[in-house]
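Quick mapping for you: the protein sequence lines, in order, are chains U and F. 93 is the number that this note's numbering gives to position 93 of the first sequence; each next residue is one higher, with no gaps. 272 is the number that this note's numbering gives to position 272 of the second sequence; each next residue is one higher, with no gaps. The beta carbon of each residue, even a glycine, is placed where N, CA and C say it ideally should be. Data block below; observations after.
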Amino acid sequence: MHIIENGNVAAALGVRLCGVNVIAAYPITPQTPVTEKLSEWVEAGEMKAEYIPVESEHSALSVCIAATSAGARSFTATSSNGLLYMHEQVQWASGARLPIVMCVVNRAVGAPWNVWNDQQDSISQRDTGWMQMYASDHQQIIDTVIKAYYLAEKTSIPIMVCYDGYILSHTYMPFEVPDADKVKAFLPPFKPDYALDPNDPANLNTVTLPDVRMDVRGELAHGYMEIRYLLQEELRGALAVAAETEKRFDEIFGRGGDPYIEPYLCDDAEYVAVGLGSVTYQLRVAVDALRAEGIKVGVMGIKFYRPFPDEAIAKALKGRKGVIVYEKALSYGYEGALASDLKSALYDSLAGTGSMPYVQNFVLGIGGRDIKTHDLTETLRAATKGRVAKEPVWIGLKL
Amino acid sequence: MQAKTTILNLPTEEFVQPGTRACTGCGLAIAYRIGLKALGKDTILVVPPSCLTVLQGLFPVASTKLPCLNVTFASTAAAASGVLATLRALGKDNVRVAGWAGDGGTSDIGLQALSGAAERGEKFIYFCYDNEGYMNTGVQRSGTTPIGAVTANTPLKGKLQNKKDVPAIMAAHNLSYVAACSAAYPLDLYDKIKKCIDMPGTKYFHIHIPCPPGWGFDPRYGIKIGRLAVETGYYDLYEVVNGEFKLTAASEKLVEKRKLTPVRDYFRAQSRFKTLTEQQISDIQQAIDAKWSGYYKKDEE
Ligand SMILES: Cc1ncc(C[n+]2csc(CCOP(=O)(O)OP(=O)(O)O)c2C)c(N)n1
Ligand code: SF4
Chain U
1 MHIIENGNVA
11 AALGVRLCGV
21 NVIAAYPITP
31 QTPVTEKLSE
41 WVEAGEMKAE
51 YIPVESEHSA
61 LSVCIAATSA
71 GARSFTATSS
81 NGLLYMHEQV
91 QWASGARLPI
101 VMCVVNRAVG
111 APWNVWNDQQ
121 DSISQRDTGW
131 MQMYASDHQQ
141 IIDTVIKAYY
151 LAEKTSIPIM
161 VCYDGYILSH
171 TYMPFEVPDA
181 DKVKAFLPPF
191 KPDYALDPND
201 PANLNTVTLP
211 DVRMDVRGEL
221 AHGYMEIRYL
231 LQEELRGALA
241 VAAETEKRFD
251 EIFGRGGDPY
261 IEPYLCDDAE
271 YVAVGLGSVT
281 YQLRVAVDAL
291 RAEGIKVGVM
301 GIKFYRPFPD
311 EAIAKALKGR
321 KGVIVYEKAL
331 SYGYEGALAS
341 DLKSALYDSL
351 AGTGSMPYVQ
361 NFVLGIGGRD
371 IKTHDLTETL
381 RAATKGRVAK
391 EPVWIGLKL
Chain F
1 MQAKTTILNL
11 PTEEFVQPGT
21 RACTGCGLAI
31 AYRIGLKALG
41 KDTILVVPPS
51 CLTVLQGLFP
61 VASTKLPCLN
71 VTFASTAAAA
81 SGVLATLRAL
91 GKDNVRVAGW
101 AGDGGTSDIG
111 LQALSGAAER
121 GEKFIYFCYD
131 NEGYMNTGVQ
141 RSGTTPIGAV
151 TANTPLKGKL
161 QNKKDVPAIM
171 AAHNLSYVAA
181 CSAAYPLDLY
191 DKIKKCIDMP
201 GTKYFHIHIP
211 CPPGWGFDPR
221 YGIKIGRLAV
231 ETGYYDLYEV
241 VNGEFKLTAA
251 SEKLVEKRKL
261 TPVRDYFRAQ
271 SRFKTLTEQQ
281 ISDIQQAIDA
291 KWSGYYKKDE
301 E
């Protein structure tokens, strides 16, 4: 069924289709409508789930952590300072290996207060052991939520489904709502390896020593370091699971592509603009304009940011002259985190091959500063003539 | 009325294995052991960082024979809500949920989540075991550290502020059941848990926990000191059932006797009150006397 709705409703529909058992959330703009919609469905009996209107984001994720530990499929959503307020729980969820799915409706973080879109919130959580996927339109939002549950439960690793506040969350677009039966076929019921159960008691997330230790049967049990190593290993392994997920999704829904990246006019491109989320679709307009002038440019949207698909990306960018990274966030004190990640991926696989592109970092749209297509076109044109600067260049800055 | 449990008819089934990592003479070890007996097998526990985390043992060994979810410091009540939501969603209606947190995890960092859960009427029992300080991190002050007590971060003058009255805060949420208990009166704790276990919404227990290293007394005197707190009228055992306040057990008997042990005896038995002056002690004694004359008056009505 095709409908025209906003991005938050697309996310909520995805959650509903996945048969989520427990939802907990705390309002923050621009996330609010996702959870309002879900509360409405739960209250009207259109969705069979428990909806817990908690008193803070810290508690929202706490509810999901406990609910998933007890065997439920759980969901929450947040933005900006809400995500930052959750930070302790964000780390806890991945350390405890709980397949929670959370929508992050990207918004700038305070101070000063700002409710508009950039991606500083989710990027600041990139090192927490969660997977992060970025959607560029409403179809991707709903599809990504569904894929996210499959992937999270296969790997026992939580996922953030990130999409741009307002630009996607509040705008209306047509998209297809996947058929409920097909979702059932795609996503098997949640069967965790262990769930809190009085008939099989266990103490979860206990104090764990640095070193391995014998259990009562004399078997060696992991130390903290082994547990954390496995999180890293399995996060890296999740790239393969993501590819499998994409394939399955394509088979069942007839919609699929590259699991990690979304290329546009990249085949023969000498210069590739790279970004996360909706900006990559706006970049397509700039690319079209430059193509008309005969400049060989393309865009690569990155769907998967963590685990970072470094090999796939390096392969896709191999032999290009320039890689131009447009970012709505910064690793303050250095450069855009995506630019750093791209450079390291390129260095790892292309160092010494002579086919290493230069990387130009642009920062834009911070705190919702309007992104003008004209600026994209002009900066991209400038960057195709060689690296503009080492430091990230801020677009649209008026000092 | 429910018959009082005695040591003779207390169930023999144990949910806490012998040999926990608690300190010798720890009041928590008593309250936890007896409390779990009252809760019974079909219970899921939620525990934040505290002495209880340590008491339970280190991975992969556990001293508790109930399923237990260890959570972050601030999240006990929210996590209990999450477990309950799952039990409802999956139709498991025979399992109980209990949060078991220290006074720091309750009166300070966890209060917001606890208040939120209580306001929503989440049906779990919340136990605050009150050793009157952050013992796990080395005896720092908490919201429930009493005035005058020396702690690691109130080292010279003792805490300057009064103890936060958490049971009163919780009672203000209109709970079906609030109780103040003491590790020195474990059977009173047991009976109160049994009494409220099926009552609606959130139930709150405040348990006074004598702590030898934190309070500065010889481990063998734990029960004695816990009792002194009650016999001096300094810490009262009571319950608030649907808003109705009633002293219980030893505190109830004190009303009949109308005779309190001087609070000085309680203070002098522990090194943490060493900086209290005679003036401070007599001020506290006056406040206790005033509180108790209120109790006597109520009794006469
Ligand atoms: C967010 C956070 N801050 C601080 C700590 C460190 N911490 C662990 S236990 C504890 C004190 C616990 O005190 P209380 O709740 O009274 O329990 P007790 O140790 O006295 O049994 C603190 C401060 C923590 N684990 N998490
Ligand atoms: S420090 Fe006190 S409360 Fe903590 S385990 Fe030791 S005696 Fe018990």
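Item, Value
"With 16 as the cutoff for other CB atoms within 10 Å, does M133 (chain U) come out buried or exposed?", "buried"
"Between which two residues does the beta strand (DSSP E) holding S251 (chain F) run?", "Premise fails: S251 (chain F) lies in the alpha helix (DSSP H), A249 to K257, not in any beta strand (DSSP E)."
"Looking at the C-beta of V22 (chain U), does it have a partner C-beta in chain F at a distance below 8 Å?", "yes"
"Return the Cβ separation of F15 (chain F) and K65 (chain F) in integer angstroms, given the expectation that the two are a contact with Cβ distance under 8 Å.", "5 Å"
"Just how far apart, CA to CA, sit G19 (chain U) and K253 (chain F)?", "56 Å"
"What do you reckon, are the CB atoms on V297 (chain U) and V287 (chain U) nearer than 8 Å?", "yes"
"Assuming contact is defined by CB atoms lying nearer than 8 Å, are C266 (chain U) and M300 (chain U) in contact in what I supplied?", "yes"
"So which residues of chain F does T208 (chain U) contact, with C-beta pairs closer than 9 Å?", "L58, F59 and P60"
"Please state whether the Cβ-Cβ distance between T43 (chain F) and R88 (chain F) is less than 8 Å.", "no"
"Quick one: is L66 (chain F) near chain U, going by C-beta distance under 8 Å?", "yes"
"Taking just the CA atoms, how far does I225 (chain F) sit from K192 (chain F)?", "22 Å"
"Run through the DSSP bridge pairs and tell me what Y177 (chain F) is partnered with.", "F:K203 and F:V241"
"Suppose you measure from the CA of Y32 (chain F) to the CA of F205 (chain F); what does that come to, to the nearest Å?", "12 Å"
"Using DSSP bridges, identify the partner residues of R213 (chain U).", "U:A221"
"What are the residues of the segment 31 to 59 of chain F that lie near chain U, defined by any Cβ-Cβ distance shorter than 8 Å?", "K41, D42, T43, I44, V46, T53, V54, Q56, G57, L58 and F59"
"For M170 (chain F), does the count of other Cβ atoms within 10 angstroms reach 16, so buried, or fall short, so exposed?", "buried"
"If contact means a Cβ-Cβ distance below 9 Å, which residues of the segment 108 to 140 of chain F contact chain U?", "Q112, A113, S115, G116, A117, E119, R120 and E122"
"Distance check for A168 (chain F) and I209 (chain F), CA to CA, integer angstroms please.", "18 Å"
"Taking the alpha-carbon positions, what's the Q282 (chain U) to A383 (chain U) distance?", "17 Å"
"For chain U, check one thing: does any of its Cβ atoms lie closer than 8 Å to the Cβ of V241 (chain F)?", "no"
"Shorter than 8 Å from the beta carbon of W394 (chain U) to some beta carbon of chain A?", "Of the protein chains in this structure, namely U and F, none is chain A."
"Using DSSP's beta-bridge definition, name the partner residues of Q360 (chain U).", "U:I324"
"Might you give, ordered along the chain, the residues of its own chain that have their beta carbon closer than 7 Å to the beta carbon of L350 (chain U), omitting 5 neighbours on each side?", "A314, K318 and M356"
"When you compare only the Cα positions, how much space is there between N114 (chain U) and Y334 (chain U)?", "23 Å"
"Please confirm whether A79 (chain F) has its beta-carbon closer than 8 Å to some beta-carbon of chain U.", "yes"
"Please check the pair M131 (chain U) and A238 (chain U), which I expect to be a contact at CB under 8 Å, by giving their CB distance rounded to whole angstroms.", "6 Å"
"At 4 residues or longer, what runs of the alpha helix (DSSP H) sit wholly inside the segment 85 to 166 of chain U?", "87 to 95, 120 to 123 and 138 to 155"
"What do you reckon, are the CB atoms on E302 (chain U) and K328 (chain U) nearer than 8 Å?", "Position check: residue 302 (chain U) holds Ile in this sequence, whereas Glu was assumed. Taking 8 Å as the Cβ cut-off, I302 (chain U) and K328 (chain U) do not qualify as a contacting pair."
"Compare the C-beta of A77 (chain U) against all C-beta atoms of chain F and say whether one is closer than 8 Å.", "no"
"Touch check for the segment 79 to 92 of chain U and the segment 136 to 145 of chain U: three-plus C-beta pairs under 8 Å?", "no"
"Write down the C-beta distance between R242 (chain F) and S182 (chain F) rounded to the nearest angstrom, noting that I regard them as a contact closer than 8 Å.", "The residue you asked about is not Arg; residue 242 (chain F) is Asn in the sequence shown. With a Cβ gap of about 23 Å, N242 (chain F) and S182 (chain F) do not count as contacting."
"Taking A212 (chain U) as the reference, which of U:D310, U:P201, U:I227 and U:E293 has the closest Cα?", "Note on identity: in this sequence residue 212 (chain U) is Val, with Ala being the wrong assignment. Nearest option by C-alpha distance: U:I227."
"Using the Cα positions of K398 (chain U) and R369 (chain U), report the straight-line distance between them to the nearest angstrom.", "11 Å"
"Any heavy atom of ligand 2 within a distance shorter than 7 Å of the CB on L160 (chain F)?", "no"
"Assign L8 (chain F) to buried or exposed, taking buried as 16 or more other Cβ atoms, counted over all protein chains shown, within 10 Å of its Cβ.", "exposed"
"Give the C-beta separation of P60 (chain F) and A195 (chain U) to the nearest angstrom, bearing in mind that I take them to be a contact with Cβ-Cβ under 8 Å.", "So it is not a contact: roughly 18 Å between Cβ atoms."
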